[in-house]
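Student: Following full-length UniProt numbering, the residues of the sequence shown are numbered contiguously, the last one being 270. Sharing a structure below in structure tokens format, with a few things to ask.
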Amino acid sequence: MPDYKAFRVELADKIAHVQINRPEKINAMNADFWREIIEVFREIEDNDAVRVVVLSGAGKHFSSGIDLMMLASVGAKLGPDAGRNARSLRRTILELQASFNAVDNCSKPVIAAIQGYCLGGAIDLVSACDMRYSTVDAQFSIKEIDIGMAADVGTLQRLPRIIGDGMMRELAYTGRTVDGEEAQRLGLVNRTYADQDALLEGVFEIARQIAAKSPIAVQGTKEMIRYMRDHRVDDGLEYIATWNASMLQSADLRVAMTAHMSKQKPEFAD
């Protein structure tokens, strides 16, 4: 993997560990972050050796959200004409949305490991992941309301499908902080861990379980789940029938069935 300014990326055992690497800035999302995350996930998408992604933050906190200096710089570019300002702001917002769409659109499962702060834009980011796990003392907050704006890079669109509409509205309107235990009760995280070491150990164990499965089956499953967010049941059934008309011809099916019958551990090609 290439070197990045805002991330550290390591690949081992078919798992890509993508770590936000600005601990001295509470992993705030600066311009490098927004640009590089697209590059990171493009590399992951193109690398068949990667079967699952773990996304974490270096240091004591996952991320404090968008870098306020970057937000201020966007405002400083505005001029006297409202129409041109609107066009410029819209273009910037769509560019930021594309950064987290790259995570959502990744064909490999993405697992977020969250400790400490997960605020504002960090909620947008983890909402684009497949699953979320945290420490018990993690702190989640949709902070945009407290800086006078509506969240605009995915939280309000993705989070209702994770925790439900009513609770999403409460958190979005109040900006209140949710700890790891409440986050688990809400379904925002699947499980909590006592500390960061236990969190990473637990998340990597889940990642290893996924990485041991057929990549054809795992990625097909993710595609079907994503498709169903925006389609009817009959659309989804039609799509999976067409999809599996091809994918059931994969050697992975034979490998899995043979291993199951012989009580052996299957080994799948990338």
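Think of the CB as a built atom: it goes at the ideal place given N, C-alpha and C, for glycine as much as any other residue. Every value quoted in this text rests on a predicted model; they were computed, and no experiment measured them.
Considering only their Cβ atoms, is the gap separating Gly175 from Ile142 smaller than 8 Å?
Tutor: It is a contact, given that the beta carbons lie within the stated cut-off.
Student: Does DSSP put Ala112 in a helix, a strand or coil?
Tutor: Strand.
Student: Which residues share a DSSP beta bridge with Asp179?
Tutor: Paired residue(s): Gln139.
Student: Just to confirm my understanding: we take Gln184, look at its own chain, exclude 5 residues before and 5 after, and list those with CB closer than 6 Å. What are they?
Tutor: Taken in chain order, the residues that qualify are Thr192.
Student: From the DSSP output, in three-state form, read off Ser107 for me.
Tutor: DSSP places Ser107 in coil when its eight states are reduced to three.
Student: Helix, strand or coil for Ser250, going by three-state DSSP, please let me know.
Tutor: Note: Ser250 maps to coil in three-state DSSP.
Student: Counting along the chain, where does the alpha helix (DSSP H) carrying Gly202 start and finish?
Tutor: Looking at the DSSP string, the run of the alpha helix (DSSP H) that includes Gly202 is Gln196 to Ala211.
Student: Is the region 78-91 touching the region 100-108, taking contact as three or more C-beta pairs under 8 Å?
Tutor: No: fewer than three Cβ pairs fall under 8 Å.
Student: Does DSSP classify Tyr4 as helix, strand or coil?
Tutor: Three-state DSSP puts Tyr4 in coil, outside helix and strand.
Student: Looking only at DSSP bridge pairs, what is His17 linked to?
Tutor: Paired residue(s): Glu10 and Val54.
Student: Suppose the cutoff is 7 Å on Cβ atoms and the five residues either side in sequence are ignored; what does the same chain contact list for Pro23 look like?
Tutor: Excluding positions up to five away in sequence, the list reads Ala58 and Gly59.
Student: Give me the Cβ distance between Leu159 and Ser127, rounded to the nearest whole Å; I'm assuming they're in contact under 8 Å.
Tutor: With a Cβ gap of about 5 Å, Leu159 and Ser127 count as contacting.
Student: By DSSP's criteria, Arg131 is part of a beta bridge. Which residues make up the other side?
Tutor: One detail in the question is off: residue 131 reads as Met in this sequence, not Arg. Answer is Ile111.
Student: Pick helix, strand or coil for Arg158, following the three-state DSSP scheme.
Tutor: Arg158 falls in the helix class under three-state DSSP.
Student: Grab the span of the beta strand (DSSP E) containing Arg191 for me, first residue to last.
Tutor: Its beta strand (DSSP E) spans residues Arg191 to Tyr193.
Student: So if DSSP puts Ile66 in a beta bridge, which residue, or which two residues, is it bridged to?
Tutor: Paired residue(s): Met29.
Student: Pick from Asp13, His17, Ala12 and Trp34: whose alpha carbon is nearest that of Lys5?
Tutor: Checking every option, the nearest Cα to that of Lys5 belongs to Trp34.
Student: Tell me the DSSP bridge mates of Tyr117?
Tutor: Paired residues: Gln139.
Student: Touch check for the region 149-167 and the region 199-217: three-plus C-beta pairs under 8 Å?
Tutor: Contact between the region 149-167 and the region 199-217 is absent, because fewer than three Cβ pairs lie under 8 Å.
Student: Please report the Cβ distance between Leu119 and Gly75, rounded to the nearest whole angstrom; I am assuming they are in contact, meaning their Cβ atoms lie under 8 Å.
Tutor: About 20 Å; that fails the 8 Å criterion.
Student: Have a look at Ala9 and Arg132 and give me their C-alpha separation to the nearest angstrom.
Tutor: Here residue 9 is Val; the residue named in the question, Ala, does not match the sequence. Cα to Cα, the separation comes out at about 19 Å.
Student: Whose C-beta lies closer than 7 Å to the C-beta of Ala98 among residues of the same chain, with five residues either side of it excluded?
Tutor: For Ala98, where only same-chain residues beyond five positions count, the Cβ hits under 7 Å are Ile38.
Student: Could you check what DSSP says for Phe268 in three-state terms: helix, strand or coil?
Tutor: Phe268 falls in the coil class under three-state DSSP.
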